[in-house]
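A.B. asks:
Residue numbers (my numbering): 390 to 592.
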């Protein structure tokens, strides 16, 4: 994050309301429609407070995605800590993907909004690249730890596998949201087979 946001500012209850309001607004109206005036009204704060905490709308969007990513990494940590086999690990990944699409599709929408904006904004592109690096390295560390425990048998470098997991998850989630009436069971099964070749011994 840039100098426009601080740990002290982001710890406040008002800042949290602003982040939540921006998240909801972007999911409903996109970045272009999520003006500071609209977000401020939804959060119940002054427009000036948004500028004070975040500086720009783009930096507020970065904070929304950063916060959500950290929360999701925390949940994933807790779940995967319980995995004792490769099947456990893969089943938990699938459960997390399906839960995300079912319970919190706004998160996926906001991430793709940030990606679209990053193609036209160098500052956002740099922020997004940093977020991707942190999440990739975090998951790679989980994979390496499970490999050391004997739970997984990695057939590629941990960061490369983490990137593939994110690519599969992002792509399938996007398609599930684009065609909600379709049964994606076979698609997910095919993805599991691909992941198993990277995480498990092939008999």
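Glycine included, C-beta positions come from ideal geometry on N, C-alpha and C.
Is DSSP giving residue 408 helix, strand or coil here?
C.D. replies: Here residue 408 is taken as the residue at index 19 of the chain shown, counted from 1. Residue state, collapsed to three classes: helix.
A.B. asks: Taking one C-beta from the segment 574 to 584 and one from the segment 545 to 564 each time, how about it: are there three or more such pairs within less than 8 Å?
C.D. replies: yes
A.B. asks: Do residue 550 and residue 532 have their beta-carbon atoms positioned less than 8 Å apart in this structure?
C.D. replies: One-based indexing of the chain shown puts residue 532 at position 143. One-based indexing of the chain shown puts residue 550 at position 161. Against a cut-off of 8 Å, the Cβ pair of residue 550 and residue 532 comes out as a contact.
A.B. asks: May I have the straight-line CA-CA distance separating residue 501 from residue 520, to the nearest angstrom?
C.D. replies: Numbered from its first residue, the chain shown carries residue 501 at position 112. Numbered from its first residue, the chain shown carries residue 520 at position 131. Spanning the two alpha carbons is a distance of roughly 13 Å.
A.B. asks: To the nearest angstrom, how far is it from the Cα of residue 443 to the Cα of residue 589?
C.D. replies: Residue 443 sits at position 54 when you count from the first residue of the chain shown. Residue 589 sits at position 200 when you count from the first residue of the chain shown. Rounded to whole angstroms, residue 443 to residue 589 spans 44 Å at the Cα level.
A.B. asks: Kindly list the residues whose CB is nearer than 8 Å to the CB of residue 478, restricted to its own chain and excluding five residues on each side of it in sequence; keep chain order.
C.D. replies: Looking up residue 478 in the chain shown gives position 89. Around residue 478: 469, 472, 535, 540, 541 and 588.
A.B. asks: In terms of residues, what are the limits of the alpha helix (DSSP H) holding residue 544?
C.D. replies: The sequence position of residue 544 within the chain shown is 155, counting from 1. From DSSP, residue 544 is part of no alpha helix (DSSP H); its letter is neither H nor E.
A.B. asks: In the DSSP assignment, find the unbroken alpha helix (DSSP H) run with residue 492 in it and report its ends.
C.D. replies: Along the chain shown, one-based indexing puts residue 492 at 103. Where residue 492 is concerned, the enclosing alpha helix (DSSP H) stretches over 475 to 492.
A.B. asks: Do residue 525 and residue 555 count as a contact pair if the criterion is CB distance below 8 Å?
C.D. replies: By 1-based counting over the chain shown, the position of residue 555 is 166. By 1-based counting over the chain shown, the position of residue 525 is 136. The answer is yes: Cβ separation under 8 Å.
A.B. asks: What is the DSSP secondary structure of residue 502, counted as helix, strand or coil?
C.D. replies: Taking the first residue of the chain shown as position 1, residue 502 is located at position 113. In the three-state reduction of the DSSP assignment, residue 502 falls in the helix class.
A.B. asks: Measure the CB-CB distance between residue 548 and residue 529 and report whether it falls below 8 Å.
C.D. replies: By one-based count along the chain shown, residue 548 stands at place 159. By one-based count along the chain shown, residue 529 stands at place 140. Result yes, Cβ atoms of residue 548 and residue 529 sit closer than 8 Å.
A.B. asks: Please confirm if the segment 432 to 449 is in contact with the segment 482 to 500, defined as three or more CB-CB distances below 8 Å between the two stretches.
C.D. replies: no
A.B. asks: Can you name the start and end residues of the alpha helix (DSSP H) that residue 424 belongs to?
C.D. replies: Along the chain shown, read from residue 1 onward, the residue named residue 424 stands at position 35. No alpha helix (DSSP H) holds residue 424; DSSP gives it neither H nor E.
A.B. asks: By a C-beta neighbour count over all protein chains shown, 10 Å radius and 16 as the cutoff for buried, is residue 392 buried or exposed?
C.D. replies: The residue given as residue 392 occupies position 3 in the chain shown. At residue 392, the pLDDT of 43 sits below 50, so the modelled position is not reliable; the number obtained from the coordinates is stated separately. Residue 392 should be labelled exposed.
A.B. asks: Do residue 510 and residue 447 come within 8 Å of each other at the CB atom, strictly closer than that value?
C.D. replies: Residue mapping note: residue 447 aligns to position 58 of the chain shown, counting from 1. Residue mapping note: residue 510 aligns to position 121 of the chain shown, counting from 1. Yes, Cβ-Cβ distance for residue 447 and residue 510 is below 8 Å.
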